[in-house]
Amino acid sequence: GSALLQRVRLHRHVIIDWKIRLSYLMRADRLKAANCDFALSAEDFFNEKVAMIVPAGSPYLPVINKELDRMHKAGLIRRWLDAYLPKKDRCWKASTMTQEVNNHTVNLSDMQGSFFVLFLGFFTASTVLVLEFLYNRRKRRSDLVVIKPYVE
Numbered sequence: 002g003s004a005l006l007q008r009v010r011l012h013r014h015v016i017i018d019w020k021i022r023l024s025y026l027m028r029a030d031r032l033k034a035a036n037c038d039f040a041l042s043a044e045d046f047f048n049e050k051v052a053m054i055v056p057a058g059s060p061y062l063p064v065i066n067k068e069l070d071r072m073h074k075a076g077l078i079r080r081w082l083d084a085y086l087p088k089k090d091r092c093w094k095a096s097t098m099t100q101e102v103n104n105h106t107v108n109l110s111d112m113q114g115s116f117f118v119l120f121l122g123f124f125t126a127s128t129v130l131v132l133e134f135l136y137n138r139r140k141r142r143s144d145l146v147v148i149k150p151y152v153e
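Residue numbers for the sequence shown follow our numbering, beginning at 2 and rising by one.
Dropping the structure here:
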């Protein structure tokens, strides 16, 4: 483990592994070296899902599903994970600061360009509509003035 971490520390490699395992590796390295050399990626590219299996046709499956749902809604699973996983420390804050930069809330000043394009589209469409109306009205008036011969 430490040789692999040393390769990552020297900016030559990355480790792709389960997030729990990476959290433990980072925690162990921080306790050993007393500095924060690593950060977890901001994006998860694979959701970790934990499940259990029971025999096919088991009468316990609906009961287990119902109780797991109740525990999840009550927050017990989140509490157990918080108690089981490594605690948030100063390295956790350093690695999540980059995530907070990426999580920017969109406000009105960010949307000014979109509103400008929308206004430009409405203005162009309105101009084209008015020009078409004027063109058709002029064409109808000129058709009334021109005398057409009757040919049989």
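No residue lacks a Cβ here, since even glycine has one placed at the ideal position from N, Cα and C.
DSSP three-state assignment for residue i, whether helix, strand or coil
i	result
H14	coil
I148	coil
S3	helix
W19	coil
G114	helix
V107	coil
A52	coil
G58	coil
Q100	Confidence at Q100 is low in this model, with a pLDDT of 48, below 50, so its placement is unreliable and the value that follows should be read with caution. Q100 falls in the helix class under three-state DSSP.
E133	helix
F123	helix
L26	helix
D45	coil
E153	coil
W81	helix
A35	coil
R141	helix
Contact check, residue i vs residue j, beta carbons under 9 angstroms
i	j	result
D38	R8	no
L5	M27	no
L121	S24	no
Terminal residues of the alpha helix (DSSP H) in which residue i lies
i	result
M72	L62 to A75
Which listed residue (the options) has its alpha carbon closest to that of residue i
i	options	result
A52	I78, F124 and P87	I78
T34	P87, S3 and L82	At residue 34 the sequence reads Ala, which differs from the Thr that was named. Among P87, S3 and L82, the Cα nearest to that of A34 is on S3.
K50	N137, A126, L109 and K20	K20
F47	A75, I17, D30 and N66	I17
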